[in-house]
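Below: the structure, in structure tokens.
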Amino acid sequence: MRRLFRDSAHLIRPALVLLAMLALFLVVRAAIIPKAFGQYGHYRPGALDLVRQHPISFAGQETCVMCHDEQATTRAAGKHAHVACEACHGPLAQHADDPAAHVPKLPDVADLCRRCHEKDAAKPRNFPQVVTAEHSGGMACNSCHQPHNPHL
Amino acid sequence: MIPGVDGFMYPNEVELQWSVLIVLYPYITGLVAGAFILASLERVFNVAAVKPTYRLALLTALAFLLVAPLPLQLHLGHPERSFEMYLTPHTSSAMAMFGFVYLWYLTVVLLLEIWLEYRKEIVELALSTKGWKRWIYRALTLGSYNISPEALRMDDKVGYAVTVIGVPSAFLLHGYVGFIFGSVKANPWWSTPLMPVVFLFSAMVSGIAAVMVLYVVCMKFRKTPIDMRCLDTIARYLFYTFVIDFTLEMLDLIHRTYESDESFRSLDFMVHTRLWGSHVILQIFLGTLVPLCLLAANQLWNFADGKRKAMYMTAGALTLIGIFAMR
Amino acid sequence: MDISRRDIFTVGGKLLILASVGATLKQITGAEAPSDAYRMADHWWGMIIDIDKCIGCGNCVRACSKENNVPAGYFRTWVERYQIEENKQPHVESPNGAMDGFPPSTRDDLKSFFVPKLCNHCADSPCVQVCPVGATFVSPDGVVLVDETYCLGCRYCVQACPYGCRYLHPEKQTVDKCTLCYHRITKGLTTACCENCPTGARQLVDFKNPKDPIHEILRHNMVQVLKPYMATRAKVYYENLDGEVR
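Chains as they are written, first to last, in this note's numbering: chain A, 15 to 166; chain B, 3 to 329; chain C, 2 to 247.
Right under this line is the structure:
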């Protein structure tokens with residue numbers, strides 16, 4: 015028995031090395047694993063807050079209407095009632111926060127109206143669409159149509 | 003958008019995300035698994051003829067295994083965070099679990115076996131070398147200087163046990179890599195239960211071919227004559243493994259073509275256009291059929307030593323290229 | 002035991018004082034902001050898209066890009082145009098993800114329509130399943146998000162997503178994708194894409210809200226999800242979706 019031990023004693027050493035490395039790993043892990051990891055699932059709960067902190071660029075039409083109720087009333091009476099303000103006017107959360115500091119530019123009509131209303135075979139049949147080159151003869155859309163209530 | 007492929011691809015998928023760097027990783031771990039299987043042929047299955055390549059195979063396996071993570075690190079967007087895989091491994095992710103399989107294989111199988119195999123030389127060198135190298139050898143002995151015949155016999159027995167555990171571990175190592183690809187249901191080209199098995203056998207093929215080529219090259223460097231019996235045996239095992247590998251890959255191909263489901267149209271298109279060079283010419287023809295013929299020829303007829311060596315080397319080199327093309 | 006009126010007043014009064022002191026203390030020490038009324042457990046988010054209403058204007062793609070600083074050439078949402086001729090393979094295109102709309106098509110002899118796509122926020126998400134470290138996850142309110150401080154950039158999730166909605170952010174070198182405007186919906190706003198859709202083709206949906214129109218829509222209409230055979234329990238539903246759509 016003693017001879018067996020003498021001849022195989024050296025095998026303990028790699029086992030001890032492995033155990034030592036395992037212990038070291040567990041210590042390091044306890045130190046650097048993110049706090050509260052696994053609270054809701056296999057992820058860092060701080061990630062939810064991180065995503066929520068992203069700045070907002072579009073204010074949302076309810077905010078626009080708070081000041082611009084006249085345009086809102088005009089719009090509500092026509093076909094563009096369900097088109098959001100920022101769909102044409104672009105992201106305006108900065109303007110909503112500080113109206114004087116950020117004065118928005120009015121959108122360029124030529125490109126804007128065409129994006130939705132240019133005739134395309136893939137668009138739904140009953141959606142109002144025209145071949146703009148033939149329809150207006152080069153005139154700007156808003157020389158006849160009022161954008162907030164475009165019906166003539 | 004690439005002409006002719008619109009309709010099959012989404013806008014975010016035009017840019018290939020997993021490319022050459024990811025290809026390298028299964029290729030290298032394949033060489034590792036294959037080299038180890040060759041080493042185990044001698045140790046566990048008592049194929050005495052391949053004994054001259056035993057140590058070479060083990061060292062090849064270790065060298066490649068240490069290098070394997072490098073292309074992965076290069077591919078990562080944040081390699082400095084890669085340790086997170088050990089800190090918070092997601093148990094449903096094959097990639098996370100593979101990190102542990104890799105560690106197991108490296109420490110308990112390879113390092114332990116190599117230490118046991120080389121222990122006698124390490125102790126002798128620790129006692130005889132002078133200068134700073136002496137400290138390295140002394141550290142490697144792990145403090146034990148017992149190299150009596152009984153201790154060495156013990157080493158042999160333990161080494162045998164480690165190899166026996168090592169064979170399924172090598173299967174697990176490369177089968178797991180195959181599973182990482184095979185379990186992705188979003189990709190019809192990869193998603194098949196055959197994937198881990200195909201990966202495993204192609205790994206064995208590439209590993210055996212690698213050791214064969216390295217053996218010939220090493221012997222040339224050392225200006226030592228090559229043991230032709232050893233080389234013949236390795237070539238024979240390469241041939242057997244290759245036949246199984248080829249059968250499996252053809253089975254996958256034929257099955258896909260026959261069932262011809264929706265994904266087949268796009269796959270077929272890809273094979274005939276973008277993948278023609280790498281898949282048909284390089285992988286199937288040059289990388290599989292030609293080496294198979296060369297190896298088969300040696301089973302059927304006798305050639306002179308020099309000719310055989312040349313055929314083996316060509317077959318080996320082509321095989322290595324072919325398996326890389328497959329990856 | 003006899004409880005007198007006096008006892009009730011005494012005990013009740015003490016409790017009231019304790020409660021108000023406690024509430025004030027909480028407010029002073031700032032332990033919980035009382036205005037943060039959003040509770041994750043009350044919501045289960047998704048989206049409904051009506052193909053018959055989509056006009057392919059690309060407003061959603063542009064709005065998402067501005068709201069979320071999406072890098073050029075990558076898409077958190079995009080629109081595809083399908084043109085299907087009988088007995089032929091459908092022709093599908095998405096020029097720059099429809100960021101600038103589509104060049105007009107005059108082929109009215111074909112069946113053609115637009116399909117907006119985005120992350121489906123799958124309840125049984127294959128991308129979450131394969132993430133090795135837990136950098137992408139399904140939030141308790143049903144939104145699939147990415148933790149950009151934890152993501153390694155290995156792109157296994159990009160491979161695993163059947164819908165092609167993920168990409169590697171070229172600067173951050175982490176994976177990025179649609180967050181269902183989580184920073185907006187948790188504050189009572191709707192997503193940027195839904196806000197800016199002029200026809201109401203895209204609508205944000207909260208399955209746990211009993212007053213949400215989705216319940217009526219699901220009850221009375223034929224709806225689909227993309228790639229149902231993937232069984233990912235996708236939460237983006239499509240009305241009037243054609244069978245040729247992949």
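Even glycine gets a Cβ: it sits at the ideal position worked out from N, Cα and C.
Nearest-angstrom Cα distance between residue i and residue j?
i, j, result
"B/G133", "B/S146", "20 Å"
"C/P35", "A/K49", "Low confidence applies to C/P35: its pLDDT is 42, below 50, so where it sits in the model is not reliable enough to give any reading."
"C/A32", "C/R40", "Confidence in C/A32 is poor, its pLDDT being 38 and thus under 50, which makes the residue's placement unreliable; the coordinate value appears in the next sentence. Approximately 16 Å, taken between the alpha carbons."
"B/L322", "B/D307", "22 Å"
"B/I182", "A/H94", "51 Å"
"C/V131", "C/K173", "21 Å"
"B/A312", "B/V245", "21 Å"
"B/A327", "B/L288", "10 Å"
"C/E245", "B/D263", "15 Å"
"C/R108", "C/G201", "25 Å"
"A/P28", "B/T109", "10 Å"
"B/M206", "B/P190", "25 Å"
"B/A163", "B/L196", "30 Å"
"C/Q160", "B/A59", "34 Å"
"C/H44", "C/V145", "14 Å"
"A/L120", "C/K178", "31 Å"
"B/I124", "B/D157", "14 Å"
"B/G177", "C/A42", "41 Å"
"B/V2", "C/G189", "This structure cannot settle anything about residue 2 of chain B, because the visible part of chain B is limited to 3 through 329."
"C/V62", "C/G102", "9 Å"
"B/S150", "A/A23", "12 Å"
"B/F271", "A/A154", "47 Å"
"B/Y242", "C/G165", "41 Å"
Taking the alpha carbon of residue i as the reference point, which residue from the options has its own alpha carbon closest?
i, options, result
"C/V80", "C/A232, C/T150 and C/A99", "C/A99"
"B/S21", "C/L181, C/R156, C/R108 and C/Q204", "C/R156"
"C/P171", "C/V71, C/M48 and C/C61", "C/V71"
"C/E87", "C/A64, C/E68 and C/S113", "C/S113"
"B/V34", "B/M313, B/G168, B/Y239 and B/Y88", "B/G168"
"C/D110", "A/A23, A/N140 and A/A136", "A/A136"
"B/I39", "B/I24, B/S268 and B/Y56", "B/Y56"
"B/F201", "B/L296, B/I30 and B/N148", "B/I30"
"A/P164", "A/R139, A/V123 and A/P138", "A/V123"
"B/W192", "B/R258, B/R276 and B/E86", "B/R258"
"B/P54", "B/P227, B/N189 and B/K135", "B/P227"
"B/S84", "B/P71, B/G324, B/S94 and B/S95", "B/P71"
"B/L23", "B/E82, B/L76, B/L196 and B/V179", "B/L76"
"B/L142", "B/A211, B/T243 and B/E119", "B/E119"
"C/Y239", "C/D43, C/A42 and C/K54", "C/K54"
"B/Y107", "B/Y314, B/S265 and B/F66", "B/F66"
"B/K159", "B/H92, B/L320, B/L114 and B/I124", "B/L114"
"B/D229", "B/R310, B/T62 and B/L296", "B/R310"
Which residues in the same chain as residue i place their Cβ atom closer than 8 Å to its Cβ, once the five residues preceding and following it in sequence are excluded?
i, result
"B/V273", "H281 and V282"
"A/G55", "none"
"B/Y138", "In the sequence on display, residue 138 of chain B carries Ile and not Tyr. Excluding residues within five positions, none has a Cβ falling inside 8 Å."
"B/I116", "L60, L61 and L64"
Which residues in the same chain have their Cβ closer than 6 Å to the Cβ of residue i, if we skip the five residues on either side of it in sequence?
i, result
"A/H109", "H116 and P118"
"B/L74", "Y27"
"B/R140", "A128"
"B/M214", "I236 and G318"
"B/Q285", "G324, A327 and M328"
From the DSSP output, which residues share a beta bridge with residue i?
i, result
"A/N163", "A/Q160"
"C/H92", "C/Q84"
"A/E132", "A/V144"
"C/W79", "C/K118"
"C/R1", "The structure shown does not extend to residue 1 of chain C, since chain C is modelled only from 2 through 247, so no value can be given for it."
"C/Y238", "C/I49"
"C/K112", "C/I85"
"C/G102", "C/M100"
Here's a check: name, in chain order, each residue in its chain whose Cβ is nearer than 7 Å to the Cβ of residue i, leaving out the five neighbours to either side.
i, result
"C/T192", "L181, C182, R185, I186 and L205"
"C/V134", "Y151 and L153"
"B/V51", "For the record, residue 51 of chain B in the displayed sequence is Ala; it is not Val. Closer than 7 Å at Cβ, skipping near neighbours: R231, C232 and T235."
#### Entry: Length-filtered (3 minimum) beta strand (DSSP E) runs lying within the stretch 174-236 of chain C
203-207
### Query
What are the start and end residues of each continuous beta strand (DSSP E) run of 3 or more residues lying completely inside the stretch 120-178 of chain C, in chain order?
137-139 and 145-147
### Unbroken stretches of the alpha helix (DSSP H), 4 residues or longer, contained in the stretch 43-78 of chain B
56-69 and 71-77
### Task
Please list the segments of the alpha helix (DSSP H) lying wholly inside the stretch 223-262 of chain B, counting only runs of 4 or more residues, in order along the chain.
230-261
### Task
Note down, one range per segment and in chain order, each alpha helix (DSSP H) of at least 4 residues found wholly within the stretch 54-98 of chain A.
60-66, 75-81 and 83-90
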